[in-house]
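For the sequence shown, the UniProt record's numbering assigns the number 1 to the initial residue and increments by one for each residue that follows. Note that beta-carbon positions come from the ideal geometry of N, C-alpha and C, so glycine has one too. I have placed the structure first, in the form of structure tokens, so that the comments after it can refer back to it.
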Amino acid sequence: MNSMFETLPKEIYVFVYADDIVLVVIGRTLKFIRRKLQAAVSSVSRWATRTGFTLSAEKSVVSHVCRSRHRVLSSPIKADGCRIPHKKSVAVLGVRLDRKLNFGEHFSDIKRNCETRLNLLRTLSKPHRSSNRDVLLRILKAIVNSRLFYGIEIFGLAGNSLIDRLAPTYNQAIRTIAGLLPSTPADAACVELGVLPFRYQVTETLCCRTIGYLEKTTGNQEVFLLREANRALTNLAHLELPPVDQVHWVGARRWDATDLHVDLSILKRFRAGDNSTAMRSHVTKLLAGKYRYHQLVYTDGSKASNRTGFGVAGYNTSYFFRLPDQCSVFSAEAAAIRFAITTITGCPTCIISDSASVLTTINSSSSRHPWIQAIQANCPPETAFLWVPSHCGIRGNNEADRLAATGRSGRTFTDLTPGADLKTWCKSIIRSSWAQEWATNRLLFIRKIKEDTTKWTDTTDRRDQQVLSRLRVGHSHLTHNMTNHGPFRKLCLTCNTTMTVEHIVINCPCYQSARDHRAIPHSIRDALANEPTNEEALISFLKDTGLYQNI
């Protein structure tokens with residue numbers, strides 16, 4: 001189909017997936033748009049005729065996308081004399097684009113499609129011993145989140161409308177997995193289950209998709225996807241995505257690429273951190289024997305106080321540089337080796353590193369780390385790589401370690417960060433922002449029980465966990481009326497006060513003897529804490545008083 005692109009008029013955007021073709025024309029007047037679009041369709045139709053294909057006008061669609069005004073084209077677009085139907089929306093690879101580009105129809109399609117998936121979650125979430133919330137969360141990511149966030153690179157333009165329309169579906173799935181009532185506040189359900197709220201999940205997904213796009217695309221700093229990701233990240237964390245380093249190739253390494261010589265023989269005999277005399281003697285003999293004709297270059301990476309650097313120590317040479325703060329220790333070690341191969345002269349060189357993970361990955365055929373790929377592509381064939389334990393008394397290794405620590409405050413080697421490190425940083429920043437927001441929330445009952453947003457350890461019994469979760473969020477059948485009859489908040493008939501979880505577990509005099517018998521703590525925080533002894537005592541208390549089945 002490549003010959004089709006050569007026949008298209010200028011200023012026509014064409015997108016091809018398999019045998020589907022999308023032609024896009026941008027203009028200020030309908031007259032100009034129609035003329036250019038008709039020329040493009042006629043060009044494709046002539047190409048199809050020459051190559052033996054037939055362009056079906058009935059299966060084609062013309063749609064006008066404009067946020068200001070909408071007027072029907074004065075004359076229809078035709079293909080081989082047949083009129084192409086005009087529709088208010090068009091589906092492109094599963095994303096429905098409407099006239100105003102607000103994605104209202106697309107969000108409605110997503111919600112309808114997720115109903116069946118939510119029913120599956122409800123079935124799997126029934127309280128029986130084989131139900132595991134960690135497994136259900138994996139199923140949520142596989143069948144619900146995958147549908148909710150498919151195409152977010154495009155419909156992320158909807159902004160707050162996206163959150164308002166799709167958040168109820170996500171929250172419903174979270175309540176189902178946690179075994180909570182429909183009246184439970186969404187943020188409380190997310191804290192109980194240890195997951196991000198929808199607004200944070202949208203930002204995390206959008207940023208990770210953006211990073212994945214940028215690391216594979218040249219000239220990528222002005223795309224609208226980056227602007228949308230920065231807008232979302234700024235709203236939550238007041239930060240923007242740093243520059244992303246591009247990978248050298250996408251997919252597997254060339255099948256005929258030659259593996260580099262990586263010597264892990266020391267690792268097979270000694271463990272990391274070994275500082276024994278036997279180990280040092282073995283390394284000395286190995287360097288004096290097998291690598292006696294090699295130029296020795298020591299490399300090391302360091303990360304501390306959110307600063308990253310690397311050092312390279314060789315014969316009468318020493319280098320140290322700082323890397324972006326988002327880089328990991330793995331990336332620092334890879335950057336050190338990447339820089340070391342650029343200093344190699346004509347003689348054989350042995351690069352010595354204490355990072356077994358980097359040396360193991362050097363010959364990986366599927367690594368997507370740009371600096372590992374740079375080593376694979378540019379390393380001289382006579383170069384050898386040797387692993388030695390860190391802090392083992394070898395002078396060159398200690399010198400590289402010192403240089404790496406100095407490099408954390410040195411001059412910058414590059415301002416680009418590998419995509420994998422940026423994704424990890426982005427997830428950490430978003431979760432930290434959610435934790436900070438939760439720390440200031442004093443309105444929800446679960447805030448008395450759980451101050452952080454980390455996931456707590458679940459009990460082995462699904463029904464017990466469901467009871468504990470409902471008590472922690474403060475919404476249960478004992479405290480809230482789930483029918484259409486009577487007030488929403490129930491009253492304690494004995495005390496004539498609003499029925500709350502704290503009143504039942506701590507204050508109500510009707511259950512005082514049962515509390516004393518099971519040694520229930522006097523603090524609601526301790527009574528509902530994630531501590532096995534307290535959880536077991538609370539479950540026993542609820543069963544003794546007959547409340548267990550009514551929660």
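- For Val-244, DSSP records a beta bridge to Thr-417.
- Boundaries for Lys-303: no alpha helix (DSSP H) harbours it, while the beta strand (DSSP E) harbouring it runs 295 to 304, taken from the DSSP string.
- Ala-91 sits in a strand when the DSSP states are folded into three classes.
- The Cβ neighbour count for Asp-187, taken over all protein chains shown within 10 Å, is at least 16; the residue is labelled buried.
- C-alpha of Ala-313 to C-alpha of Glu-215: approximately 30 angstroms in a straight line.
- In the three-state DSSP reduction, Leu-30 falls in the helix class (H, G or I).
- The beta carbons of Met-482 and Leu-181 sit about 6 angstroms from each other, so the pair counts as a contact at 8 angstroms.
- Buried is the label assigned to Ser-476, since at least 16 other Cβ atoms lie within 10 Å of its Cβ.
- With respect to the C-alpha of Trp-47, the residue from Ala-420, Arg-515, Thr-7, Glu-535 having the closest C-alpha is Thr-7.
- C-alpha of Asp-516 to C-alpha of Leu-468: approximately 20 angstroms in a straight line.
- Contact between the region 248 to 265 and the region 356 to 376 is present: three or more C-beta pairs spanning the two stretches fall below 8 angstroms.
- Here Ala-278 is exposed: its Cβ has fewer than 16 other Cβ atoms, across all protein chains shown, within 10 Å.
- Secondary structure remark: continuous beta strand (DSSP E) runs of at least 3 residues inside the region 360 to 428, in chain order: 384 to 387.
- Under the criterion of beta carbons closer than 8 angstroms, Thr-453 and Val-191 qualify as touching, at roughly 6 angstroms.
- When DSSP reads this structure, Ile-351 sits in a beta bridge with Val-297, Phe-385.
- Contact check for Ile-84 against Ala-57 passes: the beta carbons are separated by less than 8 angstroms.
- Proximity of the region 489 to 497 to the region 514 to 532 falls short of the contact definition, fewer than three beta-carbon pairs being nearer than 8 angstroms.
- Looking at the backbone, the Cα of Leu-101 and that of Leu-162 are separated by about 12 angstroms.
- Restricted to the region 479 to 531, the alpha helix (DSSP H) segments that are unbroken, complete and at least 4 residues in length are 512 to 518, 524 to 527, listed in chain order.
- Across the structure, Thr-460 and Cys-508 are spaced so that their CA atoms are roughly 29 angstroms apart.
- With a threshold of 16 other beta carbon atoms within 10 Å, Cys-207 meets it and is buried.
- Close CB contacts of Gln-246 within its chain, under the 6 angstroms cut and outside five residues either way in sequence, are with Glu-215 (chain order).
- Taken through DSSP and simplified to helix, strand or coil, Ile-344 comes out as coil.
- Take Phe-198, set aside five residues on each side of it, and the residues of its chain with a beta-carbon closer than 8 angstroms to its own are Ile-163, Leu-166, Ala-167, Tyr-170, Asn-171, Ala-186, in chain order.
- Our two residues, Asn-550 and Ile-449, have alpha carbons roughly 21 angstroms apart in a direct line.
- In the three-state reduction of the DSSP assignment, Val-44 falls in the helix class.
- Where Phe-320 is concerned, the enclosing beta strand (DSSP E) starts and stops at 317 to 323.
- As DSSP reads the structure, Phe-310 sits in a beta bridge with Gly-301, Phe-321.
- For Leu-23, the enclosing beta strand (DSSP E) has its first and last residue at 20 to 24.
- Between the alpha carbons of Pro-380 and Ile-341 lies a gap of roughly 8 angstroms.
- Around the beta carbon of Ala-189, a 10 Å sphere encloses 16 or more other beta carbons of the protein chains shown; the residue is thus reported as buried.
- Taking 8 angstroms as the cut-off, the beta carbon of Gly-407 is found closer than this to the beta carbon of Phe-321.
- Going by DSSP, Tyr-13 is part of no alpha helix (DSSP H) but of the beta strand (DSSP E) stretching over 13 to 17.
- Judged by DSSP secondary structure, His-282 falls within the alpha helix (DSSP H) whose first and last residues are 277 to 289.
- The continuous stretches of beta strand (DSSP E) do not include Val-62, and DSSP gives it neither H nor E.
- Apart from the 5 residues on each side of it in sequence, Arg-117 sits with its Cβ closer than 6 angstroms to the Cβ of Ile-143, Val-144 in its chain, given in chain order.
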